[in-house]
Amino acid sequence: GGLVGGAGDIKLTKDGNTLLKEMQIQNPTAIMIARTAVAQDDTSGDGTTSTVLFIGELMKMSERCIEEGTHPRFLVDGFEVAKKATLEFLETFKTPVVIGDQPDREILKMVARTTLRTKLYEGLADQLTDIVVNAVLCIRQSDQPIDLFMVEIMHMRHKFDVDTRLIEGLVLDHGSRHPDMKRRAENCYILTANVSLEYEKSEINAGFFYSNAEQREKMVTAERRQVDERVQKIIELKNKVCAGTDKNFVVINQKGIDPPSLDLLARAGIIALRRAKRRNMERLVLACGGEAINSVEGMTEDCLGWAGLVYEHVLGEEKYTFVENVKNPHSCTILIKGPNDHTIAQIKDAVRDGLRSVKNTVEDEAVVLGAGAFEMAARKHLIDNVKKTVKGRAQLGVGAFADALLVIPKTLAENSGLDTQDVIVSLENEHDRGLVVGLNHNTGEPVDPEMEGIYDNYSVKRQIVNSGPIIASQLLLVDEVIRAGRNMRKPT
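All residue numbers for the sequence shown refer to my numbering, where the first residue is 347 and numbers rise by one.
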């Protein structure tokens, strides 16, 4: 879709979430549907477009029934039954994935690829697939939920480089501030600190009475000495661990370091970075080991982390510091390069969703066959087995729900420029023969998604099946109130 923003800037995107967030929607019904979709994106990272399509189709199918005189209440009851049945069917239909200590990379790659290809062109999607899978496996710790914040997504603007790479370690967006410090160092101890190494003037408005200038000088010297002592402590630790070896020492500090302190550190051969971001402090410790210190008292070498390589990279005006080859990384950085902000944003969104899809697979321990196969199979199940168990008019609701599921394979066919009717009929024939097939989007022929490696996230499917009928039911029942209001206003 193409969007023209408020300021007249034009955006082109395939990502449903971006479309829905950016569009200015007036219609209250549409706003409600868009909200559901954005919630879908926040929780599972995929399936926004499917959610919107499914709700729309449920409404369309319902409209037909209502025109023929069916009361919406019956449809809603039918939806409820169909939703339950579809979710139960999903449980039997899903493909379990054994995650264990060594997850099956191939399956994770397939899921990530399926998600990424819906948002970017294939070449780029395939290039990002390995990156997102490796990033999630890098930060995964066996007994804890996966925290995707531990994957830093950094971007650099570059005229013609559309290269995205995974760095097992960290990229900090600033360089060291002293000309004599090394620009590249190997075998580094990393000290992660949150200690003020600058001489701060005493608080504003704090008045002191000096009987003479000497006293003031003394005070300043005393304060300066405090800072120097802290620096000295760091230098002592460096000498203790590095003396007689070719190892280097890097200090990454969250607070400031003033020029005199930088001079002292540089003379001692220490590389120092100041004013690092707070969230990078957590990540540094996860990447390099050691612990972050808040005071130089009682510092020991156990506090130190380790990195095989620390170097500074200059790109245009910007300086970046790379911390790589870390021992046991539980934090990593995906570095995106692109020619302009729009391309970068698009890749960034896709990477986020890709990461989310891998995370979902690991946590669901299951995947669902894609390419419309699940929807076709669920519809067959509803019509063959579920519909006849429902009494009375609620059957219409089950039927409407079953037909609405077809919107997914129909849309896949339409997007590939195929005849939707033909495609659905040929898919139905295969399913009637007991084969589970999806749609090959190039030829329109039925394919076995398992052979093609097309998998969707289980949690995404579950959420679509869950939220679709809920919103549709709310909308169907709301109409009654409005209608009643209109009737009452008519003049008698």
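Beta carbons: idealized from backbone N, C-alpha and C, even for Gly.
Report task. Just the C-alpha distance for glutamate 544 and aspartate 609, rounded to the nearest angstrom, thanks. Result -> 12 Å
Query - Three-state secondary structure (DSSP) of isoleucine 680 - result: Note: isoleucine 680 maps to strand in three-state DSSP.
**Report entry** Terminal residues of the alpha helix (DSSP H) in which phenylalanine 747 lies
**Finding:** 740–751
Query raised in the report: Applying the criterion that 16 or more other CB atoms from any shown protein chain within 10 Å of the CB defines a buried residue, is leucine 823 buried or exposed?
Result: exposed
Requested in this report: Check methionine 405 in the structure and name its three-state DSSP category.
Outcome: helix
**Report entry** Delimiting residues of the alpha helix (DSSP H) encompassing valine 669
**Finding:** Here valine 669 belongs to no alpha helix (DSSP H); instead the beta strand (DSSP E) covers 664–672.
Requested in this report: Compute the distance between the beta-carbons of alanine 717 and isoleucine 800, then report whether it is under 8 Å.
Outcome: yes
Query - Residue from Asp493, Ala589, Thr475 whose Cα sits closest to the Cα of isoleucine 693 - result: Residue Thr475 is the option with its Cα nearest to isoleucine 693.
Query - Inter-residue Cα distance where the pair is alanine 696 and glutamate 658 - result: Their Cα atoms are separated by approximately 28 Å.
Query raised in the report: According to DSSP, which residues form a beta bridge with methionine 500?
Result: Leu681
Requested in this report: Please classify arginine 808: is it buried, with 16 or more other beta-carbons within 10 angstroms of its beta-carbon, or exposed?
Outcome: buried
Requested in this report: Assign leucine 661 to buried or exposed, taking buried as 16 or more other Cβ atoms, counted over all protein chains shown, within 10 Å of its Cβ.
Outcome: exposed
Query raised in the report: Helix, strand or coil: which one does DSSP assign to alanine 638?
Result: DSSP places alanine 638 outside both helix and strand once states are collapsed to three, so it counts as coil.
Query raised in the report: Taking Cβ positions, are glutamate 709 and isoleucine 492 nearer each other than 8 Å?
Result: yes
**Report entry** beta strand (DSSP E) segment containing threonine 538, residue limits
**Finding:** 530–539
Report task. State the CB to CB distance for the pair methionine 627 and glutamine 600, rounded to an integer number of angstroms; the pair is presumed to be in contact (CB under 8 Å). Result -> A Cβ-Cβ separation of about 6 Å places methionine 627 in contact with glutamine 600 under the 8 Å criterion.
Report task. Would you mind sorting phenylalanine 720 into buried or exposed? The rule is 16 or more other CB atoms within 10 Å of its CB. Result -> buried
Query raised in the report: Got a sec? Which residues, its chain only, sit under 8 Å from threonine 510 by beta carbon, not counting five neighbours each side?
Result: Within the same chain, threonine 510 has close Cβ partners Gln473, Leu474, Ile477, Ile680, Leu681, Ile682, Lys683, Ile693, Val697.
Query - Backbone secondary structure at glutamate 658 - three-state DSSP - result: strand
Query - leucine 619, enclosing beta strand (DSSP E) - first and last residue - result: Start and end: 616–619.
Query raised in the report: Identify the residues that DSSP records as bridge partners of threonine 441: which are they?
Result: Beta-bridge partners assigned by DSSP to threonine 441: Val713.
Query - Closest by C-alpha distance to histidine 524, when choosing among Ala723, Ile603, Met405 - result: Here the closest residue by C-alpha is Ile603.
Requested in this report: Look up alanine 653 in the DSSP assignment and give the residues it is bridged to.
Outcome: Cys534, Val672
Report task. With DSSP as the reference, please indicate the residues paired to glycine 784 in a beta bridge. Result -> Val793
Report task. State the Cα-Cα distance for the pair methionine 496 and arginine 725, rounded to the nearest angstrom. Result -> One Cα belongs to methionine 496, the other to arginine 725, and the distance between them is close to 40 Å.
Query raised in the report: When we look at the beta-carbon of leucine 781 and count the other beta-carbons within 10 Å, is it buried (16 or more) or exposed?
Result: exposed
Query raised in the report: Should the region 456–471 be called in touch with the region 647–658, which here means at least 3 C-beta pairs below 8 Å?
Result: no
Query raised in the report: For the beta strand (DSSP E) that contains valine 736, what are its first and last residues?
Result: Careful: valine 736 lies outside any beta strand (DSSP E) and carries neither H nor E.
Query raised in the report: Are isoleucine 729 and cysteine 634 closer than 8 Å when you measure CB to CB?
Result: no
Query raised in the report: Are three or more beta carbon pairs between the region 575–594 and the region 614–621 nearer than 8 Å?
Result: yes
Query raised in the report: So which of Ser805, Lys465, Lys733 has the shortest CA-CA distance to alanine 746?
Result: The shortest Cα separation from alanine 746 among Ser805, Lys465, Lys733 belongs to Lys733.
Query raised in the report: Which two residues bound the contiguous beta strand (DSSP E) that contains threonine 510?
Result: Per DSSP, threonine 510 belongs to the beta strand (DSSP E) from 510–513.
**Report entry** With 16 other Cβ atoms within 10 Å as the buried cut-off, status of histidine 417
**Finding:** Burial check for histidine 417: the Cβ neighbour count within 10 Å stays below 16, so the residue is exposed.
Query raised in the report: From what residue to what residue does the beta strand (DSSP E) around valine 597 run?
Result: That run of the beta strand (DSSP E) goes 594–599.
Query raised in the report: Which word fits lysine 455, buried or exposed, when buried means at least 16 other C-beta atoms lie within 10 angstroms of its C-beta?
Result: Buried is the call here.
Query raised in the report: Within this structure, are the beta carbons of serine 677 and leucine 619 separated by less than 8 Å?
Result: no
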